[in-house]
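Participant: Using this note's numbering, read the sequence shown as starting at 102 and increasing by one per residue.
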Amino acid sequence: MKFSKLLLLFLILLFVLILILYFMGAFSKEITLTTYTIDSEKISGKLRLMLITDLHCCLYGKNQEILMNKIAEAKPDAILLSGDIIDDQRDPANSFLFLEQAVKEYPCFYVTGNHELRTGKADLYKEQMQEIGIHVLEGENIVFEFNGKKINLCGIDDPSSGLETMQLDSAFSGIDKTLYTVLLAHRPERSHIYQNYPADLVVCGHAHGGQWCIPGLLNGFFAPNQGFFPKYAGGLYEFGDMKEIVSRGLDTHRLIPRIFNPPEIVLIEIR
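#1: Counting only runs that start and end within the region 132-171, where is the beta strand (DSSP E) found for 3 or more residues in a row?
#2: Whose CA, out of Phe329, Thr282 and Gly221, lies closest to the CA of Ile252?
#3: Could you tell me if Ile121 is buried or exposed, where buried requires 16 or more neighbouring beta carbons within 10 angstroms of its beta carbon?
#4: Judging by CA-CA distance, which residue of Glu265, His309 and Gly311 is the nearest neighbour of His293?
#5: Output the residue ranges of the alpha helix (DSSP H) runs that lie fully inside the region 285-320 and measure 4 residues or longer, sorted by chain position.
#6: Quick check: the Cα distance between Phe329 and Gln165, rounded to an integer number of angstroms?
#7: So the alpha helix (DSSP H) Lys227 belongs to, where does it begin and stop?
#8: Please say whether Asp155 and Leu218 have beta carbons closer to each other than 9 angstroms?
#9: From what residue to what residue does the alpha helix (DSSP H) around Phe199 run?
#10: Relative to the alpha-carbon of Thr138, which residue among Leu150, Ser348 and Gln296 has its alpha-carbon at the smallest distance?
#11: Can you give me the Cβ contacts of Asp301 inside the same chain, cut-off strictly under 6 angstroms, excluding the 5 residues immediately before and after it?
#12: On the criterion of 16 or more Cβ atoms from any shown chain inside 10 Å, does Lys147 qualify as buried, or is it exposed?
#13: Going by alpha carbons, who is nearest to Asn195 out of Met169, Lys250, Tyr295 and Arg288?
#14: Who are Met343's beta bridge partners in DSSP?
#15: Taking the DSSP output, what are the residues bridged to Phe323?
#16: Just checking my contact of Leu318 with Cys159 at CB under 8 angstroms: how many whole Å lie between their CB atoms?
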């Protein structure tokens, strides 16, 4: 009987805590826009890059209109897609609904995440993306030019492909180091490897913001491949001349809810 009363008390307290968190907006699924500004002598004027990661086939409004409107508000020059746009256990239709609209409005550049590779259909999805006009980067680089501004865009598949070192070597081979260089990758915890290459900026996802946050105290509780209290949950990190920006991503369909960690898209202004 005593145990039953304690259990009941625990459940009541848990319910009250969930209610408090709910009314504080802890479980918000409204997309947030985070902006980072980076100064570089390699860029004249401004270049606005939108980082989208970890959509995992989620749907944001009818025909993805909420997501598309949020991107349009930021007025990016290009979209960088750093993996897990497609999930291995969900219908990819929602992801392609977004991609087909995005590529009509903006130049789009994509690399795989671990979940695309888990599907066993990554090559098929890459082909489908290329057919609609998305630039798929798999160990290569592209000189992207917009309004007279040029940057190098390099990209690699998720390291679960087993191709990380080979693709990094290939992606940075022969690049013009006088141009600002961005590496699209999926996993932020590989920063110690990325530092061996001449990237000015690395953009990643994968960590999902550490799933739980406490504003001002805890940036993330748990992230894949980093474990508890991840160092690279979301934000801007600096390693000498190289910077790494980690998006908290857009997935809201995990079994464990995000707490004080709303879905995020990231605008990077290089000037």
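Glycine included, each C-beta is placed from N, C-alpha and C at the ideal position.
Remember, predicted model here, so these are calculated numbers, not experimental data.
Facilitator: If we stick to the structure as given:
#1: Taking only runs of at least 3 residues, the beta strand (DSSP E) segments lying wholly in the region 132-171 are 133-139 and 148-153.
#2: For the purposes of this step, residue 252 is taken as residue 151 along the sequence shown, with counting starting at 1. The alpha carbon of Ile252 has as its nearest neighbour, out of Phe329, Thr282 and Gly221, the alpha carbon of Thr282.
#3: Within the sequence shown, numbered from 1, the residue matching residue 121 stands at position 20. Classified as exposed, Ile121 has fewer than 16 neighbouring CB atoms from the shown chains inside 10 Å of its CB.
#4: Here residue 293 is taken as the residue at index 192 of the sequence shown, counted from 1. Selected option, being the one with the closest Cα: Glu265.
#5: Runs of the alpha helix (DSSP H) inside the region 285-320: 292-295.
#6: Taking the sequence shown and counting its residues from 1, one reaches residue 329 at position 228. Taking the sequence shown and counting its residues from 1, one reaches residue 165 at position 64. About 32 angstroms.
#7: The count along the sequence shown starts at 1 and reaches residue 227 at position 126. Segment Ala223 to Glu232, the alpha helix (DSSP H) holding Lys227.
#8: Against the sequence shown, residue 218 aligns to sequence position 117. Against the sequence shown, residue 155 aligns to sequence position 54. Not a contact, by the Cβ cut-off of 9 angstroms.
#9: Locating residue 199 in the sequence shown gives position 98, where the first residue counts as 1. Per DSSP, Phe199 belongs to the alpha helix (DSSP H) from Ala194 to Glu206.
#10: Here the question's residue 138 lines up with position 37 in the sequence shown. Checked all of Leu150, Ser348 and Gln296; the closest Cα to Thr138 is Leu150.
#11: The residue labelled residue 301 in the question sits at position 200 within the sequence shown. Annotation for Asp301: Tyr281 and Thr282 place their beta carbon closer than 6 angstroms to its own, counting only its chain and skipping 5 residues before and after.
#12: As a working note, residue 147 is residue 46 in the sequence shown. By the 10 Å Cβ count, Lys147 comes out exposed.
#13: Position 94 of the sequence shown, counted from the start, is the residue given in the question as residue 195. Cα-wise, what sits closest to Asn195 is Met169.
#14: As a working note, residue 343 is residue 242 in the sequence shown. Its beta-bridge partners are Phe340.
#15: On the sequence shown, position 222 is the one that residue 323 refers to. Bridge partners of Phe323: Phe329.
#16: Taking the first residue of the sequence shown as 1, we reach residue 318 at position 217. Taking the first residue of the sequence shown as 1, we reach residue 159 at position 58. Cβ-Cβ separation between Leu318 and Cys159: approximately 28 angstroms, too far for a contact (criterion under 8 angstroms).
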